[in-house]
Amino acid sequence: MPGFFDTKIEFLKGVGPQKAAMLNKELGIFTYGDLLQHYPFRYEDRTRFHKINELNGTMPYAQLRVRLRNTEMIGAQRRKRLVAHFHDDTGEIECVWFQGVPWMAKKLVNGVEYVLYGKPSLFNGKLNIPHPELEIGSQFSLEGGYLQPVYSTTEKLRRKYLDSKGIGQLIRNLLDKSIPHLRETLPPYILAEYALIDKPRAIQHIHIPENNDMLAKAVFRLKFEELFFIQLRLLKLKLARTDKFRGMELTDTSLLTKFYNEHLPFDLTEAQKRVIREIYTDMRSGHQMNRLLQGDVGSGKTIVAFICMLIAAGSGAQSVMMAPTEILANQHFEGLKEYADKMGLHIALLTGSTRKSERKIIHEMLLSGELSILVGTHALIEDVVQFKQLGLAVVDEQHRFGVAQRSKLWQKNKNVYPHVLVMTATPIPRTLAMTLYGDLDVSVIDELPAGRKPIKTVHRYDANRLRVNQFMKDQIDEGRQVYIVYPLIEESEKLDLKHLMDGYESVCRAFPGVPVSIVHGKMKADDKDYEMKRFVKGETKIMVATTVIEVGVNVPNASVMIIENAERFGLAQLHQLRGRVGRGADQSYCILITSYKLSKDGRTRIDTMVRTNNGFEIADTDLQLRGPGDITGTQQSGILDLLISDLAKDGKILQVARTAAQDVLLRDPELTLDDHRNIRYQIENQQKTVVNWSRIS
Ligand code: ADP
Ligand code: MG
1 MPGFFDTKIE
11 FLKGVGPQKA
21 AMLNKELGIF
31 TYGDLLQHYP
41 FRYEDRTRFH
51 KINELNGTMP
61 YAQLRVRLRN
71 TEMIGAQRRK
81 RLVAHFHDDT
91 GEIECVWFQG
101 VPWMAKKLVN
111 GVEYVLYGKP
121 SLFNGKLNIP
131 HPELEIGSQF
141 SLEGGYLQPV
151 YSTTEKLRRK
161 YLDSKGIGQL
171 IRNLLDKSIP
181 HLRETLPPYI
191 LAEYALIDKP
201 RAIQHIHIPE
211 NNDMLAKAVF
221 RLKFEELFFI
231 QLRLLKLKLA
241 RTDKFRGMEL
251 TDTSLLTKFY
261 NEHLPFDLTE
271 AQKRVIREIY
281 TDMRSGHQMN
291 RLLQGDVGSG
301 KTIVAFICML
311 IAAGSGAQSV
321 MMAPTEILAN
331 QHFEGLKEYA
341 DKMGLHIALL
351 TGSTRKSERK
361 IIHEMLLSGE
371 LSILVGTHAL
381 IEDVVQFKQL
391 GLAVVDEQHR
401 FGVAQRSKLW
411 QKNKNVYPHV
421 LVMTATPIPR
431 TLAMTLYGDL
441 DVSVIDELPA
451 GRKPIKTVHR
461 YDANRLRVNQ
471 FMKDQIDEGR
481 QVYIVYPLIE
491 ESEKLDLKHL
501 MDGYESVCRA
511 FPGVPVSIVH
521 GKMKADDKDY
531 EMKRFVKGET
541 KIMVATTVIE
551 VGVNVPNASV
561 MIIENAERFG
571 LAQLHQLRGR
581 VGRGADQSYC
591 ILITSYKLSK
601 DGRTRIDTMV
611 RTNNGFEIAD
621 TDLQLRGPGD
631 ITGTQQSGIL
641 DLLISDLAKD
651 GKILQVARTA
661 AQDVLLRDPE
671 LTLDDHRNIR
681 YQIENQQKTV
691 VNWSRIS
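Just so we're aligned, residue 1 is where the sequence shown starts under the UniProt record's numbering, counting upward by one.
Here is the structure:
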């Protein structure tokens, strides 16, 4: 049943079909509801008056109480402009009008005090204020509220008089008649417990704040609500899954014990042990596991995965490990095979380049149950791949897989879902993890194996290249290997490839007699593999590459990572790349090379990398710099189309909202209580419109 808020925006006073079409197109505003949720993105405090000597060209606006000295007309007939000279006790300022000149000239009276409001800008090295709003000082009042909302808009809308003010006017037209239709979405006991103001008042004060206090209350209330419903949704999904999705009970640890006692090549870190216990608890529970395993590069996730596969195999179930690229699948296969062979378990590799005859054998062995572990790329989720009994699916580097692909894995078994362990080396800030993976349980390996020397990271300019080369030479002479990574992005692909090839050539020239590999995304898979393998075996000493080596590749003897044009990489990527070294016992180095010209953000990224090796700290800085929308893997999730919250800043509110949602579900998992009528109503309505929930989980 379409309600008041579904009313088309064109029916609002002051809109009409033409403006409606533009609001649709430019701001995605189709209905009354959409407009009402077009919240201001900041507020201007009209109680604050600036002095002329405080003005600068970067402030968004200024409000002055000044006296008019005189005015003058400048320029010829049609390009005439009006310049007015104002002063206060700190200095003088010019205001300029290019339009409405005669009218303004008549209005301005020398010697009168005015209140001006506008954006100071620099013109010919001098500050002036073009087209300020202006009122006679004695008549100035703050009737419209002293906190002026500022709404986002576009150039096209501005030309139709829908600038921030114009939009504010539309919203005021709508607000009064909306209030009676606004329903409370939260239960009264939650409003009371978290001291939240009710929905109608929140909407009122977000658009027309009575004062700073009410504004803060409105903002808090609306953010809480937004985050609460996201968390509620995620937690409900999780609950439904643990309740309804039976998982195989995988309890047998005999193989694990045998491996532990006879073949484990090193002592596990405490973090690895803890995580294995967490996973084992899930695997034996009879409920399907959905767990995210976070661990910085080199923290030893592979062995954890293998040990979990042993629990599965011991209990008569099969496992898969899915990797995002062929190179990685290969590497996982080789690593796991070494362990599996020792345990007498059959393991196979299935990728796009597996031959047909081989495929057939693999398919048969999977069906018969002879094959315990299958490693591969997305080739292994194809429908033809069927198992006797799939018990555990490990997904490495999750962000490259669509969620749909992940869920396809589940359907490999008819009656019970396989346990799913998603591994990622991309540390995700807690707030983001809670939202993106809020339906998953999270385990963290927050400790590196003992004896690792922290990677030393330095920043060098292009001009220092000779010294960098000398350093590389010393390292190679000591038997180490070196990565040199170049950026390659689609938009500037041709140029980037050229830089890469130029780089390759100059490296070959600078290091005569040293074998050099090159790998980039435009090469055939076979050639890439061949070059990669040569480097892994130590046949080549230098690997010139694009970010294809970003994920997971393990060459313990490589001790130097050189990143060219480092300013062009994001923090997460820089950290990933750095993680390619520091895997052996030797001291490793990361050298970030940039030109002298660095943007402020670029400088922050480089400084952060030099300062810390901690992936979570880096992820947090990344979130602050870029905002959540740009963090890898979040764009397509849809869940981050937040109206008012900012995951980079609202971690605390998020935590509170999640706790509240947890409490609600604890009391009333099906949301059937009368207390939760509001919540039910909101969920039903939200489903229709706001977020495409099918895109997550
Ligand atoms: P990642 O978490 O990045 O996938 P890997 O599983 O590839 O890390 O492990 C990195 C390296 O550390 C591998 O060579 C692995 O054998 C080794 N390793 C893993 N756990 C330990 C440990 N507890 N002690 C020593 N070395 C370990
Ligand atoms: Mg790995």
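Note that CB positions come from ideal geometry on N, CA and C, so glycine has one too.
Is it buried or exposed, residue i, if we count other Cβ atoms within 10 angstroms and call 16 or more buried?
i           : result
K412        : buried
V395        : buried
L495        : exposed
G633        : Any reading at G633 needs caution, since the residue's pLDDT is 43, under 50, leaving its predicted position unreliable; the model's value is listed next. Label assigned to G633: buried.
V468        : buried
L122        : exposed
V304        : buried
K301        : buried
H50         : buried
K13         : exposed
Q670        : Looking at the sequence provided, one finds Glu at residue 670 rather than Gln. E670 should be labelled exposed.
T90         : exposed
D620        : buried
S637        : Residue placement at S637 cannot be trusted, given a pLDDT of 41 that sits under 50; the coordinates are not used to answer.
Q635        : Because the pLDDT at Q635 is just 40, under 50, the model does not fix this residue reliably, and the value given afterwards should be weighed accordingly. Its Cβ having fewer than 16 others within 10 Å, Q635 is exposed.
I631        : Model confidence at I631 stands at a pLDDT of 45, short of 50, so the residue's coordinates are unreliable and nothing is read from them.
F228        : buried
Y437        : buried
E225        : buried
S299        : buried
residue 703 : Residue 703 lies beyond the residue range present for the chain, which begins at 1 and ends at 697; the question has no answer from this structure.
P120        : buried
Y486        : buried
M561        : buried
I639        : Note that I639 scores a pLDDT of 46, beneath 50, so its modelled location is shaky; the value from the coordinates is reported in the next line. I639 comes out buried.
For the alpha helix (DSSP H) that residue i lies in, which residues bound it at each end?
i    : result
S469 : Sequence inspection shows Asn at residue 469; the Ser mentioned does not correspond to that position. Taken as a continuous stretch (DSSP letters only), the alpha helix (DSSP H) holding N469 covers 465-477.
L175 : 164-178
Y189 : 188-193
A393 : From DSSP, A393 is part of no alpha helix (DSSP H) but of the beta strand (DSSP E) over 390-396.
V507 : 493-510
I381 : Taken as a continuous stretch (DSSP letters only), I381 belongs to no alpha helix (DSSP H), as it is neither H nor E.
P17  : 16-27
I311 : 301-314
Of all Cβ atoms in chain B, is any one closer than 8 angstroms to the Cβ of residue i?
i    : result
D439 : As a matter of chain content, chain B is missing from the structure shown, which is built from one protein chain.
Can you check whether the CB of residue j is closer than 8 angstroms to the CB of residue i?
i    : j    : result
L170 : V15  : yes
T546 : L500 : yes
V664 : L232 : yes
L250 : A317 : yes
H87  : V112 : no
Y61  : Y117 : yes
N557 : R452 : no
V416 : R246 : yes
V507 : K541 : no
F387 : L310 : no
T435 : L647 : yes
N380 : V320 : One point to set straight first is that residue 380 is Leu, not Asn, in the sequence displayed. It is a contact, given that the beta carbons lie within the stated cut-off.
H459 : L571 : no
Who are residue i's beta bridge partners in DSSP?
i           : result
G118        : A62
V375        : M321, L349
I276        : Beta-bridge pairing links I276 to no other residue.
W97         : L82
D663        : D663 pairs with nothing; no bridge assigned.
residue 705 : For the chain, the structure presents residues 1 to 697; residue 705 sits outside this window and is missing.
D88         : G91
H50         : L64
H287        : R246
I74         : R81
Along the chain, where does the beta strand (DSSP E) that runs through residue i open and close?
i    : result
Y589 : 589-594
M423 : 419-424
Q37  : Note, Q37: premise wrong, no beta strand (DSSP E); not H, not E.
Y43  : 42-45
Y483 : 481-485
L127 : 126-130
Complete runs of the alpha helix (DSSP H) confined to the segment 516-559 [at least 4 residues]: Listed in chain order, the complete alpha helix (DSSP H) runs (minimum 4 residues) inside the segment 516-559 are 525-537.
Any chance you could list the beta strand (DSSP E) runs of at least 3 consecutive residues sitting entirely within the segment 438-462, in chain order? Whole beta strand (DSSP E) segments, 3+ residues: 441-445, 456-461.
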